[in-house]
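What the sequence shown shows, in the numbering used here, is residues 1196 to 1385, in sequence order.
Beta carbons are placed, not taken as given, at the ideal position from N, Cα and C, and that holds for glycine.
Quantities reported herein were computed from a predicted structural model and do not represent experimental measurements.
Here's the structure, in structure tokens; my notes come after.
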Amino acid sequence: MSKNFGVKPYLFPMPTYMIGTYNEDNTVDVMMMAWGGICAEDMVALNLEAEHKTVANLESRKAFTLSVPGTDTLRESDFFGIASSNKMADKFERTGLHAVKSERVDAPVITEYPLTLECEVVEMQSQPYGLRVLGKIVNVIADEKVLDEAGKIDAGKLHAFAFDQMQNGYYAIGEKVGQAWRSGADLMKK
């Protein structure tokens, strides 16, 4: 038996990405977002509401970082999704997290986040359903603790978590359950 829910943004998992920008006074702003992701080999798409302080920062700086938080920073990361920099000037400082200036773009790198994409704003598209920001990835930074023996990023070591929009929960991600483009390859032989 199935139940109809009407039109809802119900997909799972939803990502938890952290957008890092600089405010006009060079202080750090971080915002949690779930509506976005990779849209090409070297591009990301962020779907945002135009009223966010982060959007003003993106317009003025033309750069941002996009990070994957680990469960060890869930509290601080959730706070970045609750608090608005439009109303709370010391939002970043309240968390106790640390930032360094990116060497490649005009945006902060939050040192506690294990994986960060450094991005340049390519386009900001006002749509009837919100604002879409397209960013070009210029570099990826990964903490050594999330690398495997071959020096590649091990997704399981990120200790990432996903957002559940249906129940407003967070779920840890980690167990590898298959190999992409191999787990179902035997069905090609039929």
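Classification of P1264 by the beta-carbon crowding that lies within 10 angstroms, buried from 16 upward
Reading the sequence shown from its first residue, position 69 is the one you call residue 1264. P1264 comes out buried.
Please list the terminal residues of the continuous alpha helix (DSSP H) segment that includes I1277.
In the sequence shown, counting from the first residue as 1, residue 1277 sits at position 82. Element bounds for I1277: L1269 to I1277.
At which residues does the beta strand (DSSP E) containing L1253 begin and terminate?
Locating residue 1253 in the sequence shown gives position 58, counting from the first residue. Per DSSP, L1253 belongs to no beta strand (DSSP E); it is in the alpha helix (DSSP H), K1248 to R1256.
Would you kindly check if the distance between the Cβ of A1258 and the Cβ of T1311 is under 9 Å?
Taking the first residue of the sequence shown as position 1, residue 1311 is located at position 116. Taking the first residue of the sequence shown as position 1, residue 1258 is located at position 63. No, these two residues do not count as a Cβ contact at 9 Å.
Given a cut-off of 9 Å on the beta-carbon distance, is the pair G1369 and A1380 in contact?
Here residue 1369 is taken as the residue at index 174 of the sequence shown, counted from 1. Here residue 1380 is taken as the residue at index 185 of the sequence shown, counted from 1. It is not a contact, given that the beta carbons lie outside the stated cut-off.
Going by DSSP, what residues sit across from M1227 in a beta bridge?
Position 32 of the sequence shown, counting from 1, holds the residue named residue 1227. Note: M1227 sits in a beta bridge opposite M1213.
Proximity below 9 Å, CB of M1228 to CB of M1238:
As a position in the sequence shown, residue 1228 is number 33, starting the count at 1. As a position in the sequence shown, residue 1238 is number 43, starting the count at 1. No. Outside cutoff.
Distance check for V1304 and T1266, CA to CA, integer angstroms please.
For the purposes of this step, residue 1266 is taken as the residue at position 71 of the sequence shown. For the purposes of this step, residue 1304 is taken as the residue at position 109 of the sequence shown. Approximately 18 Å, taken between the alpha carbons.
Less than 7 Å between C-beta atoms, sequence neighbours within five positions excluded: which residues of the same chain meet that for N1334?
As a working note, residue 1334 is residue 139 in the sequence shown. Within the same chain, N1334 has close Cβ partners R1299 and E1313.
Go ahead and label T1306 buried or exposed: buried means 16 or more other beta carbons lie within 10 angstroms of its beta carbon, across all protein chains shown.
Position 111 of the sequence shown, counted from the start, is the residue given in the question as residue 1306. With fewer than 16 other Cβ atoms within 10 Å, it is exposed.
Can you tell me whether R1327 is helix, strand or coil according to DSSP?
Taking the sequence shown and counting its residues from 1, the one referred to as residue 1327 is at position 132. Of the three classes helix, strand and coil, the one that applies to R1327 here is strand, per DSSP.
If you pair each beta-carbon of the region 1268-1286 with each one of the region 1219-1228, do three or more pairs fall below 8 Å?
yes
Relative to the C-alpha of A1302, which candidate in K1248, Y1324 and T1260 has its C-alpha closest?
Within the sequence shown, numbered from 1, the residue matching residue 1302 stands at position 107. When each option's Cα is compared against that of A1302, the closest is T1260.
Within 10 Å of its beta-carbon, does F1287 have 16 or more other beta-carbons around it, so buried, or fewer, so exposed?
Mapped onto the sequence shown, residue 1287 falls at position 92. It is buried - the Cβ of F1287 has at least 16 other Cβ atoms within 10 Å.
Is the distance from the Cβ of E1219 to the Cβ of N1252 below 9 Å?
Taking the first residue of the sequence shown as position 1, residue 1219 is located at position 24. Taking the first residue of the sequence shown as position 1, residue 1252 is located at position 57. Against a cut-off of 9 Å, the Cβ pair of N1252 and E1219 comes out as a contact.
Alpha carbon to alpha carbon, how far is E1271 from K1340? Give it in angstroms, no decimals.
Taking the sequence shown and counting its residues from 1, one reaches residue 1340 at position 145. Taking the sequence shown and counting its residues from 1, one reaches residue 1271 at position 76. About 20 Å.
heavy atom of the ligand PLP below 8 Å from H1293 C-beta
As far as ligands go, the structure on display features none, and thus does not contain the ligand PLP.
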